[in-house]
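Here the sequence shown stands for residues 73 to 950, numbered as in our numbering. See structure below.
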Amino acid sequence: IARLWSPSTRTLFSETGVWEKDYKTETRRRVEEWWHPRIMAQWRKDALEESSNRKKFYVLSMFPYPSGRLHMGHVRVYTISDTIGHFQRMRGHQVLNPMGWDAFGLPAENAAIERGLDPEEWTKSNIQSMREQLDSLGLCFNWDREVTTCLPDYYRWTQYLFIKLFEAGLAYQKEAVVNWDPVDQTVLADEQVDENGRSWRSGALVEQKLLTQWFIKTTNYAKPLLDALEDLPEWYGVKAMQGNWIGECTGCYFDFKLKVDGEDTGETLSAYSSSPETVFGAAYLAILPSHRLLHGSSSVRSALEKVFQPGRDSLTKVTACNLFTGHEVPLVISHKEAFDGYLDTVIGIPDCSVEDLSVAKALNLRWTTVLKSAEDGTQTLINSEEFSGLTREQAFDSITQKAREQKIGGHLTSSKLRDWLISRQRYWGTPIPVVHCGSCGPVAVPEEQLPVTLPKLPSLKGKGASPLEAAHDWVNCKCPRCKGPARRETDTMDTFVDSAWYYFRYTDPHNPDRPFERRLADHWLPVDVYIGGKEHAVMHLYYARFLCHFCKDQGLVAHREPFWKLLVQGLIKGQTFKQADSGQYLKREEIDFSGTHKEPVVRGGGRIEVTWEKMSKSKHNGLDPQEVVQQYGVDTVRLYILYAAPPEQDILWNVKTDALPGVLRWQSRLWQLVTKLRGARQLGDVPSPSLLKKKELAETKKIWENKNYAIQEVTSHFTEDFLFNAAISRLMGLTNTLSSATVRVVQHSVEFEEALAAMVMMTAPMAPHLASELWAGLCQVKNPLSPLLQRGGDVLQQFWPTVDPEYLKVPDLVELSVLINNKACGTVNVPQQVSKDPERVQQFIVESPFGQKLLGERSIKRAILSPRTALINFLIDE
Numbered sequence: 073i074a075r076l077w078s079p080s081t082r083t084l085f086s087e088t089g090v091w092e093k094d095y096k097t098e099t100r101r102r103v104e105e106w107w108h109p110r111i112m113a114q115w116r117k118d119a120l121e122e123s124s125n126r127k128k129f130y131v132l133s134m135f136p137y138p139s140g141r142l143h144m145g146h147v148r149v150y151t152i153s154d155t156i157g158h159f160q161r162m163r164g165h166q167v168l169n170p171m172g173w174d175a176f177g178l179p180a181e182n183a184a185i186e187r188g189l190d191p192e193e194w195t196k197s198n199i200q201s202m203r204e205q206l207d208s209l210g211l212c213f214n215w216d217r218e219v220t221t222c223l224p225d226y227y228r229w230t231q232y233l234f235i236k237l238f239e240a241g242l243a244y245q246k247e248a249v250v251n252w253d254p255v256d257q258t259v260l261a262d263e264q265v266d267e268n269g270r271s272w273r274s275g276a277l278v279e280q281k282l283l284t285q286w287f288i289k290t291t292n293y294a295k296p297l298l299d300a301l302e303d304l305p306e307w308y309g310v311k312a313m314q315g316n317w318i319g320e321c322t323g324c325y326f327d328f329k330l331k332v333d334g335e336d337t338g339e340t341l342s343a344y345s346s347s348p349e350t351v352f353g354a355a356y357l358a359i360l361p362s363h364r365l366l367h368g369s370s371s372v373r374s375a376l377e378k379v380f381q382p383g384r385d386s387l388t389k390v391t392a393c394n395l396f397t398g399h400e401v402p403l404v405i406s407h408k409e410a411f412d413g414y415l416d417t418v419i420g421i422p423d424c425s426v427e428d429l430s431v432a433k434a435l436n437l438r439w440t441t442v443l444k445s446a447e448d449g450t451q452t453l454i455n456s457e458e459f460s461g462l463t464r465e466q467a468f469d470s471i472t473q474k475a476r477e478q479k480i481g482g483h484l485t486s487s488k489l490r491d492w493l494i495s496r497q498r499y500w501g502t503p504i505p506v507v508h509c510g511s512c513g514p515v516a517v518p519e520e521q522l523p524v525t526l527p528k529l530p531s532l533k534g535k536g537a538s539p540l541e542a543a544h545d546w547v548n549c550k551c552p553r554c555k556g557p558a559r560r561e562t563d564t565m566d567t568f569v570d571s572a573w574y575y576f577r578y579t580d581p582h583n584p585d586r587p588f589e590r591r592l593a594d595h596w597l598p599v600d601v602y603i604g605g606k607e608h609a610v611m612h613l614y615y616a617r618f619l620c621h622f623c624k625d626q627g628l629v630a631h632r633e634p635f636w637k638l639l640v641q642g643l644i645k646g647q648t649f650k651q652a653d654s655g656q657y658l659k660r661e662e663i664d665f666s667g668t669h670k671e672p673v674v675r676g677g678g679r680i681e682v683t684w685e686k687m688s689k690s691k692h693n694g695l696d697p698q699e700v701v702q703q704y705g706v707d708t709v710r711l712y713i714l715y716a717a718p719p720e721q722d723i724l725w726n727v728k729t730d731a732l733p734g735v736l737r738w739q740s741r742l743w744q745l746v747t748k749l750r751g752a753r754q755l756g757d758v759p760s761p762s763l764l765k766k767k768e769l770a771e772t773k774k775i776w777e778n779k780n781y782a783i784q785e786v787t788s789h790f791t792e793d794f795l796f797n798a799a800i801s802r803l804m805g806l807t808n809t810l811s812s813a814t815v816r817v818v819q820h821s822v823e824f825e826e827a828l829a830a831m832v833m834m835t836a837p838m839a840p841h842l843a844s845e846l847w848a849g850l851c852q853v854k855n856p857l858s859p860l861l862q863r864g865g866d867v868l869q870q871f872w873p874t875v876d877p878e879y880l881k882v883p884d885l886v887e888l889s890v891l892i893n894n895k896a897c898g899t900v901n902v903p904q905q906v907s908k909d910p911e912r913v914q915q916f917i918v919e920s921p922f923g924q925k926l927l928g929e930r931s932i933k934r935a936i937l938s939p940r941t942a943l944i945n946f947l948i949d950e
């Protein structure tokens with residue numbers, strides 16, 4: 073592929089020898105065809121040549137599930153990451169903008185069952201198709217770092233991290249009442265069941281089953297995960313959602329050993345207390361009637377069943393030895409259907425709960441008083457061994473810390489948070505690297521034997537058990553510890569485990585010896601901007617944060633938090649039509665839009681409900697991105713996506729709105745500005761700024777000020793708030809200024825030339841093909857005045873424009889149009905630092921001579937400061 077444009081290379085317009093005056097559809101098509109391979113080749117070349125002593129910038133978009141077809145939501149998220157990537161490279165950063173595939177999971181397995189295919193073949197074919205689609209959109213990813221979660225060279229390290237969790241006591245197996253999807257034949261985590269009790273994927277009503285499952289003890293990290301949120305910038309409401317999901321971490325669990333008639337049963341039970349400092353005053357342990365001990369294969373089940381009486385608290389012959397205090401207390405089956413939050417086992421401590429006191433008295437239990445109150449209301453501990461004499465606050469810290477050190481509880485968590493259920497009874501997922509031995513129990517597969525690869529299966533159909541159960545040669549194995557007969561674990565991991573660490577693997581994707589080199593992970597992390605849908609606010613982001621905290625504690629990385637800024641993007645919604653009576657979704661061709669009725673109706677009669685909903689095939693409101701690009705061009709689609717709404721808001725896709733005509737018009741106007749400069753410089757006179765008269769010099773000063781203001785604002789939007797729509801608005805404002813410039817100013821001023829050059833550079837990350845061609849036209853302008861146009865290289869290889877130092881010396885003033893009751897009354901120059909604050913702007917204007925004259929003593933009902941244009945409207949009583 074030819075190199076990008078340089079002064080010695082002939083570009084599109086110079087091939088014909090003519091600069092086309094207008095940006096027509098055919099011109100756009102040829103521009104994009106020409107620049108598309110060159111931009112992508114240059115990105116690859118720059119990525120290979122980048123020096124590591126440049127400041128890094130890691131922009132990451134959530135990797136997709138390879139369904140085979142891109143949708144407009146994909147186009148939106150990757151357009152944003154591509155724009156940020158180009159911008160940061162122009163600022164001199166070493167940029168990482170990787171891409172990969174979240175390739176395990178139910179959809180591929182279900183599709184394989186329906187079609188009689190191997191899910192691996194289906195997945196690889198879809199990846200190939202989607203990669204071609206991404207390339208056709210001109211998206212510049214670091215494809216040399218591509219990861220695919222279903223390949224053994226990736227899931228080997230997912231298994232390695234699982235074993236690290238297992239060895240740390242954070243991955244464990246227990247019987248649990250779980251959510252069972254009867255359609256997809258698998259367990260679901262609580263987060264994967266909606267508020268109506270239906271599966272998030274199949275829509276089936278979820279059933280409750282008692283199964284032995286694998287869990288990851290995320291509750292041990294609840295408090296660090298909650299506290300770490302405070303140090304992160306605001307995440308579009310996601311921080312609050314995460315905080316609410318975790319809950320207030322005011323209590324902790326303690327581990328108990330269960331005994332029947334004094335004999336140890338081998339059962340360990342964790343019980344929650346909201347007042348862990350009073351644990352020495354425990355009178356009993358209470359479980360719910362729904363607890364697994366009453367329903368599973370537990371050795372204590374028969375002892376519990378004998379005494380259980382529904383509707384009342386039942387004292388059992390089972391006792392529980394607190395591994396922290398060494399005290400033994402009876403196990404009680406509560407009459408309640410639920411405790412606070414999601415708890416099913418709690419410690420009854422009469423000293424700090426009226427309810428616990430009443431249960432203990434009713435069952436005639438004994439307990440130790442552990443609290444002593446002083447006259448000033450302060451409570452200190454008594455009868456609590458070495459903690460006696462401490463205040464409750466001091467004891468809280470000391471007791472929980474010691475329990476953590478002894479690894480028998482003490483991790484602060486909330487009553488509403490549960491551990492992460494990762495078992496899935498399906499084939500197409502990462503095998504859990506554990507073997508079950510009759511002598512040794514569950515044993516982790518040794519690291520040198522990883523990966524445990526999926527066996528090939530003739531059929532994936534199965535009812536009630538994992539399809540892997542059918543692979544007898546694979547299931548039956550030797551125990552790594554005692555070499556006796558053993559069975560492999562046949563559950564696979566939830567795909568959220570794969571995606572909890574992929575951002576690490578991108579930093580070192582081909583490492584055969586470890587998941588990633590710490591030096592490389594420490595260089596790139598944390599991710600500077602992470603972009604994706606808000607639907608991942610709780611699950612994926614929580615799990616990824618948990619795993620990063622764990623990796624920090626394991627010494628694998630330096631950073632505890634994986635993501636610095638989060639940019640959530642809203643949906644792209646399509647217009648949907650459904651029959652009012654049946655709710656059936658209709659295709660556009662089934663609707664009469666003729667206008668004979670006041671609103672659309674079904675052909676042949678029938679009322680229609682018109683709404684905007686998330687695009688999908690089933691609702692007949694989807695768009696094929698390639699068809700849209702074919703019609704409008706890549707750059708137009710990119711600009712529309714960035715201009716139609718701020719990233720976190722939904723876009724209602726409607727080509728008749730102002731956004732699409734607006735960006736089409738703006739591209740043409742940019743083209744015309746280059747045409748204008750090229751034309752003015754061919755008038756014969758050699759450009760000479762000294763020829764400009766006083767009025768023209770005032771005009772150039774205004775252009776210079778507007779250029780600097782635009783650079784300041786656009787740079788801020790690209791780095792701080794990601795309001796690309798506001799950045800485009802600012803560039804449109806600069807376009808207006810340049811479009812109204814007189815011919816002599818265009819012909820003789822360096823200010824016009826540099827403002828146009830800066831605008832093309834600032835447009836480049838958003839519309840790279842158009843900007844590349846405009847830059848080529850600018851760089852071949854006759855008699856250039858600015859050194860900018862004599863540098864050579866394509867626009868994306870230029871340095872991002874910076875504000876002139878002289879501009880920063882001048883007090884920044886913004887000319888604000890003042891309206892009173894929607895009528896224009898004049899302008900006021902307002903200090904830049906005040907201009908975005910409605911209250912300060914109002915005060916400044918009211919106190920100015922202009923405001924005193926026009927507003928005086930009049931009563932101001934409201935002042936509306938426009939967020940997009942320099943305008944304030946005072947609504948006053950007439």
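For each residue, glycine too, the CB sits at the ideal point set by N, CA and C.
Which residues DSSP lists as bridging residue i, in chain order
i, result
"Q473", "DSSP, once it has assigned bridges, lists no residue as partnering Q473."
"S342", "D327"
"I932", "I948"
"Q904", "Looking at the DSSP assignment, Q904 forms no beta bridge with any residue, so it has no partner."
"I917", "In the DSSP output, where bridge partners are listed per residue, I917 has none listed."
"A392", "L330 and V401"
Range of the contiguous alpha helix (DSSP H) that encloses residue i
i, result
"L846", "P840 to C851"
"C623", "M611 to D625"
"H363", "Note, H363: premise wrong, no alpha helix (DSSP H); not H, not E."
"I787", "According to the sequence provided, residue 787 is Thr. The question's Ile does not apply to it. Segment K766 to S788, the alpha helix (DSSP H) holding T787."
Closest by C-alpha distance to residue i, when choosing among the options
i, options, result
"G865", "V674, G849, M831 and K691", "G849"
"N693", "K650, Y704 and P179", "K650"
"G315", "E104, K488, V815 and G140", "K488"
"E911", "N901, A935 and K895", "A935"
"D580", "V629, D600 and T417", "V629"
"F796", "A829, Y781 and M834", "M834"
"I917", "N945, N893 and R940", "N945"
"C212", "E279, V131, D253 and G928", "V131"
"V310", "E823, R364 and V640", "V640"
"M611", "S345, W492, V167 and W229", "W492"
"R228", "K289, I318, T525 and W317", "T525"
Residue i burial status per 10 Å Cβ neighbour count (16 or more: buried)
i, result
"L357", "buried"
"H544", "exposed"
"P518", "exposed"
"Q862", "exposed"
"V682", "exposed"
"Q285", "buried"
"P921", "exposed"
"T729", "exposed"
"P382", "exposed"
"A74", "Confidence at A74 is low in this model, with a pLDDT of 34, below 50, so the placement of that residue is unreliable and no value is reported for it."
"G334", "exposed"
"C554", "exposed"
"P539", "buried"
Residue i, enclosing beta strand (DSSP E) - first and last residue
i, result
"Q651", "I644 to Q651"
"D253", "A243 to D253"
Contact between the segment 604-622 and the segment 561-572: three or more CB pairs below 8 Å? By the Cβ test, the segment 604-622 is in contact with the segment 561-572, since at least three Cβ pairs between them sit closer than 8 Å.
Pairing CB atoms from the segment 325-344 with CB atoms from the segment 393-400, are three or more of them under 8 Å? In this structure the segment 325-344 lies against the segment 393-400, because at least three pairs of beta carbons, one per stretch, are closer than 8 Å.
With a threshold of 8 Å, are at least 3 pairs of Cβ atoms found where one atom belongs to the segment 346-356 and the other to the segment 468-479? As far as the Cβ criterion goes, the segment 346-356 touches the segment 468-479, which means the pair count is three or higher.
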